[in-house]
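K.L.:
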């Protein structure tokens with residue numbers, strides 16, 4: 003099994019090392035990840051400036067390729083120019099911090115996996131639910147198991163799995179649940195501060211407003227110490243509203259002319 | 003009607019001026035847009051560094067507020083700290099270049115509108131289908147009409163409208179169609195070049211592979227000179243795969259323990 007590994011925390015992060023180490027037991031692993039931290043970059047891609055690719059070493063050993071761009075860039079240039087052919091699977095992570103509910107939208111980790119799905123490569127995004135995450139071992143083991151399952155069962159083109167793992171030792175994990183994206187959102191607060199020259203600047207902070215209360219949602223599952231696996235896709239069409247809008251009374255500007 | 007206007011091409015772009023000018027005829031307009039071009043930034047938000055907000059003038063007149071961040075940042079900080087209350091509607095655009103099919107995923111224009119939808123504010127993203135777009139007038143007029151319709155009919159929380167307008171004079175527009183996100187994707191090519199010091203760098207280019215051939219898709223609609231209106235949302239759950247995965251034969255690592 004040929005496995006492409008990426009992330010958004012940057013190639014030097016402990017999460018990606020733990021993931022690559024475990025995946026090497028089940029396949030040929032190539033790491034292509036951002037040179038610097040790219041959290042919350044969403045699905046940004048680099049077009050206006052060029053990208054550079056460098057070999058990256060950890061503890062004196064070749065670890066992978068560092069790209070001075072975004073997670074989505076890593077997958078694109080990785081598949082097109084570095085490995086030159088699609089891998090059997092892309093695994094993005096292990097992210098330091100959960101990517102559930104609204105956070106999926108902002109996540110660079112998920113975007114790397116989504117870029118793979120766009121390129122018709124099966125993909126998994128994996129996160130541990132704590133920015134100071136300590137328990138990568140179980141998440142890495144589970145990623146390897148899931149990778150085998152995905153390659154065996156296949157995923158529909160355009161679908162990826164978004165996996166969130168509680169930051170706990172394996173024996174404290176309550177189980178694994180198939181979930182849907184939750185509705186919890188951030189209550190954003192921009193702290194207003196003054197710089198040394200008396201000018202205002204604003205720093206984003208806030209807290210997640212818990213709006214999920216069933217184990218069918220990713221956010222509630224992880225809060226209850228379950229691993230959450232959510233199949234997501236990038237068909238953003240709201241089909242329900244599409245149907246509802248047919249009954250809107252459109253003014254002449256909107257009428258078909260032919 | 004209180005209208006917040008943003009974009010991703012930057013506050014100095016002709017598209018946002020044409021939009022603001024037309025919307026002023028139907029409501030109170032406040033422009034809060036990126037200081038610099040933010041195309042293809044997706045749904046990136048700024049967390050690791052602070053934001054600055056400056057008053058921006060065009061031809062000596064106050065035009066709006068420039069934020070040195072992403073389109074999504076503009077909506078967040080705009081609603082939280084600049085206008086301090088939700089507007090009746092957010093309109094993002096007019097983008098120079100189409101945002102159909104896969105481009106929706108990378109689009110900063112759409113992300114500004116989506117951030118509004120996340121904040122439960124009705125929103126519209128508007129693009130004209132040409133990077134050197136010249137015909138903003140009809141798109142601006144249509145945006146104003148659509149804004150009135152949206153405020154009158156409402157949109158479900160979390161849904162936004164993604165509008166694409168052919169770069170044509172009004173009399174050449176074939177009509178207006180309600181559409182779904184198309185399946186056309188980019189065939190990416192990274193041009194490999196050498197810098198003056200002999201080191202490689204890579205520049206993203208490519209061409210859109212047309213995969214849509216019915217007028218129910220945004221991409222085919224604009225190719226046939228129709229305006230395309232697509233309702234989109236940010237519930238990324240793939241419900242079909244969610245159901246299908248229930249029949250996967252999960253190994254013990256995945257079993258519920260309680």
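Residue numbers (our numbering), protein chains in the order written: chain W, 3 to 260; chain X, 3 to 260. Cβ atoms here follow ideal geometry from the backbone N, Cα and C, with glycine treated the same way.
According to DSSP, is residue 212 (chain X) part of a helix, a strand, or is it coil?
P.N.:
coil
K.L.:
If residue 88 (chain X) and residue 121 (chain X) are in contact, beta carbons under 8 Å, what's the gap, nearest whole angstrom?
P.N.:
Contact flag correct, Cβ pair sits at about 7 Å.
K.L.:
For residue 75 (chain W), name the three-state secondary structure that DSSP assigns.
P.N.:
helix
K.L.:
Could you give the DSSP three-state label for residue 156 (chain W): helix, strand or coil?
P.N.:
coil
K.L.:
Let me know the secondary structure DSSP gives residue 16 (chain X) once reduced to three states.
P.N.:
If DSSP states are grouped into helix, strand and coil, residue 16 (chain X) belongs with the helices.
K.L.:
Can you tell me which of the three DSSP states residue 141 (chain X) falls into?
P.N.:
helix
K.L.:
Quick check on the burial criterion: 16 or more other C-beta atoms within 10 angstroms. Buried or exposed for residue 251 (chain X)?
P.N.:
exposed
K.L.:
Within 10 Å of its beta-carbon, does residue 166 (chain W) have 16 or more other beta-carbons around it, so buried, or fewer, so exposed?
P.N.:
buried
K.L.:
How long is the line joining the alpha carbons of residue 221 (chain W) and residue 19 (chain W), rounded to whole angstroms?
P.N.:
26 Å
K.L.:
DSSP has residue 113 (chain W) in a bridge; who is on the other side?
P.N.:
Here residue 113 (chain W) is not bridged, per DSSP, to any residue.
K.L.:
Expressed to the nearest angstrom, what Euclidean distance is found between the alpha-carbon atoms of residue 197 (chain X) and residue 83 (chain W)?
P.N.:
17 Å
K.L.:
Apart from the five residues on each side of it in sequence, which residues of its chain come closer than 6 Å, Cβ to Cβ, to residue 125 (chain X)?
P.N.:
Residues of the same chain with a CB within less than 6 Å of the CB of residue 125 (chain X), apart from the 5 flanking positions on each side, are 92, 115, 118, 119 and 162 in chain order.
K.L.:
If you measure from the beta carbon of residue 88 (chain W) to each beta carbon in chain X, is any gap under 9 Å?
P.N.:
no
K.L.:
Could you compute how far the alpha carbon of residue 182 (chain X) sits from the alpha carbon of residue 67 (chain W)?
P.N.:
38 Å
K.L.:
Taking any Cβ of chain X, which residues in the region 44-64 of chain W have a Cβ under 9 Å from it, in chain order?
P.N.:
Listed by position along the chain: 44, 45, 46, 47, 48, 49, 50, 51, 52, 53, 54 and 55.
K.L.:
Of the residues that make up the region 222-234 of chain X, which ones have a beta carbon closer than 9 Å to any beta carbon in chain W?
P.N.:
With the criterion set as a beta carbon lying under 9 Å from some beta carbon of chain W, the members of the region 222-234 of chain X are 228, 229, 231, 232, 233 and 234, in sequence order.
K.L.:
Nearest to residue 244 (chain X) by alpha carbon, out of W:218, W:244 and W:34?
P.N.:
Measuring from the Cα of residue 244 (chain X), the nearest candidate turns out to be W:218.
K.L.:
Report yes or no: do the region 69-85 of chain W and the region 137-146 of chain W share at least 3 C-beta pairs separated by less than 8 Å?
P.N.:
Three or more Cβ pairs closer than 8 Å define a contact, and the region 69-85 of chain W falls short of that threshold against the region 137-146 of chain W.
K.L.:
Please report the straight-line C-alpha distance between residue 192 (chain W) and residue 71 (chain X), rounded to a whole angstrom.
P.N.:
13 Å
K.L.:
According to DSSP, which residues form a beta bridge with residue 230 (chain X)?
P.N.:
X:166 and X:179
K.L.:
Comparing the C-beta of residue 30 (chain W) with each C-beta of chain X, is any distance below 9 Å?
P.N.:
Not one chain X Cβ lies under 9 Å of residue 30 (chain W).
K.L.:
Relative to the C-alpha of residue 46 (chain W), which residue among W:157, W:110, W:210 and W:176 is closest?
P.N.:
W:110
K.L.:
From residue 60 (chain W) to residue 41 (chain W), what does the alpha carbon distance come to, in whole angstroms?
P.N.:
21 Å
K.L.:
Per DSSP, which one or two residues make a beta bridge with residue 193 (chain X)?
P.N.:
X:205
K.L.:
Enumerate in chain order the residues of its own chain whose CB-to-CB distance from residue 214 (chain X) is below 7 Å, with the five nearest sequence positions on each side excluded.
P.N.:
Once the five neighbours on either side are set aside, the close Cβ partners of residue 214 (chain X) are 103, 184, 185, 186, 221 and 222.
K.L.:
Under 8 Å Cβ to Cβ from residue 150 (chain X), same chain only, skipping five residues before and after it: list those, please.
P.N.:
Closer than 8 Å at the Cβ level, and outside the excluded window around residue 150 (chain X), lie 3 and 28.
K.L.:
Residue 104 (chain X) touches chain W at which residues, Cβ-Cβ below 7 Å?
P.N.:
For residue 104 (chain X), the chain W residues whose Cβ falls inside 7 Å of its Cβ are 120, in order along the chain.
K.L.:
Under 8 Å by Cβ, that's how I've got residue 226 (chain W) and residue 169 (chain W) pegged, so tell me the actual separation to the nearest angstrom.
P.N.:
Wrong, their Cβ atoms sit about 14 Å apart, outside the cutoff.
K.L.:
Determine the contact status of residue 5 (chain W) and residue 32 (chain W), defining contact as a CB-CB distance below 9 Å.
P.N.:
Result yes, Cβ atoms of residue 5 (chain W) and residue 32 (chain W) sit closer than 9 Å.
K.L.:
What does residue 216 (chain X) touch in chain W if you count any residue whose Cβ is under 9 Å from its own?
P.N.:
Those do not exist, as residue 216 (chain X) stays about 13 Å from chain W at its closest Cβ, beyond 9 Å.
K.L.:
By how many angstroms is the C-alpha of residue 99 (chain W) removed from the C-alpha of residue 173 (chain W)?
P.N.:
20 Å
K.L.:
Would you please verify whether the beta carbon of residue 161 (chain X) is less than 9 Å from any beta carbon of chain W?
P.N.:
yes
K.L.:
Ends of the beta strand (DSSP E) at residue 93 (chain W)?
P.N.:
91-98
K.L.:
Give the secondary structure of residue 242 (chain X) by DSSP, where H, G and I count as helix, E and B as strand, and everything else as coil.
P.N.:
helix
K.L.:
Take residue 157 (chain W) and list the residues in its own chain whose beta-carbon comes closer than 6 Å to its own, dropping the five residues that flank it on each side.
P.N.:
124
K.L.:
Give the straight-line distance between the Cα atoms of residue 36 (chain W) and residue 190 (chain X), rounded to the nearest whole angstrom.
P.N.:
19 Å
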